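Numbering (the numbering used here), first residue to last: 114 to 326. Beta carbons: idealized from backbone N, C-alpha and C, even for Gly. Values in this document were obtained by computation on a predicted structure and should not be read as measured data. To start, the structure under review is shown below, and the notes come after it.
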Amino acid sequence: MLGGVAFSLGLVLVIVAGAELFTGNNLIAMAWAEGKVSTFEVLRNWAIVCAANFVGAAGLAVIVFFSGHLGMNGGAVALQAVKIAAAKAALPGVEAFYLGVMCNILVCMAVWMAFAGRSVIDKAIAIVFPISAFVAAGFEHSIANMYFFPIAILQQAYYPVVAPGVELIDAAHMLRNLAFVIAGNIVGGSALVALVYHIVYRRSATAKPKDRK
114 MLGGVAFSLG
124 LVLVIVAGAE
134 LFTGNNLIAM
144 AWAEGKVSTF
154 EVLRNWAIVC
164 AANFVGAAGL
174 AVIVFFSGHL
184 GMNGGAVALQ
194 AVKIAAAKAA
204 LPGVEAFYLG
214 VMCNILVCMA
224 VWMAFAGRSV
234 IDKAIAIVFP
244 ISAFVAAGFE
254 HSIANMYFFP
264 IAILQQAYYP
274 VVAPGVELID
284 AAHMLRNLAF
294 VIAGNIVGGS
304 ALVALVYHIV
314 YRRSATAKPK
324 DRK
């Protein structure tokens, strides 16, 4: 739970500072369903933002690694990072997909609720609980994985850590994990949040007064 609260800072920075996050941008499906944007524009946005998020996440992993941060607590931070990456690499594809679905339901709900906030504090409170829940539950967030895999790969390349499953930490397993998790994130955020809310509000707007009881 404490890790989830700390992890919430990432989405707070995205929302408040006006950054672009691929998983949050899955909500664009609502504008697509309304005919406000084309399929090409949606896919173009997702492709560019996802690629840029990977560059940012992997770049941050490089900075953190060479800062010596993983050596803290006698190398315990490095060991934990490697264990996390190994567990993600070992996930069966179907599990990774559905964990990605559940993750982005919560992430997109956090973004949706943050839109209702009028102040920074409002937005932060709206974000913390859903994000803490997905981290505590162990769901799969594609952009977070874009950080954990590179930093674990660097750790194993320079200062190998002995832990179960470390042989799976490589680029191939990273890409495999990301393929399933990204697909799950898209379904969770676009279909189960954006399109569901589109249907709900569209029905509400077109309903006759007597149907709104």
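- Non-local C-beta neighbours of Ile128 in its own chain, meaning closer than 6 angstroms and more than five positions away in sequence, comprise Ala227 and Lys236, ordered along the chain.
- Counting along the chain, Leu115 sits inside the alpha helix (DSSP H) bounded by residues Leu115 to Ala130.
- With contacts defined as CB atoms closer than 8 angstroms, Ala194 and Ala285 fail to qualify as a contacting pair.
- In terms of CA proximity to Val155, Ala142 leads the group Glu147, Ala142 and Ile238.
- For Ile264, the uninterrupted alpha helix (DSSP H) run begins and ends at Ser255 to Tyr271, by DSSP.
- Note on the region 166-225: whole alpha helix (DSSP H) runs with a minimum of 4 residues are 185-202, in chain order.
- The region 132-141 makes contact with the region 216-226; the number of CB pairs closer than 8 angstroms reaches 3 or more.
- For Leu115, the closest C-alpha among the options Val241, Tyr272, Val279 and Ile161 is that of Val241.
- Leaving aside the five residues that flank Ile299 on each side, the residues in its chain whose CB is nearer than 7 angstroms to its CB run, in chain order, Asn139.
- Counting the other Cβ atoms within 10 Å of the Cβ of Ile295 gives 16 or more, which makes it buried.
- Non-local beta-carbon contacts of Ala249 in its own chain, meaning distances under 8 angstroms to residues more than five positions away in sequence, involve Met114, Gly116 and Gly117 in chain order.
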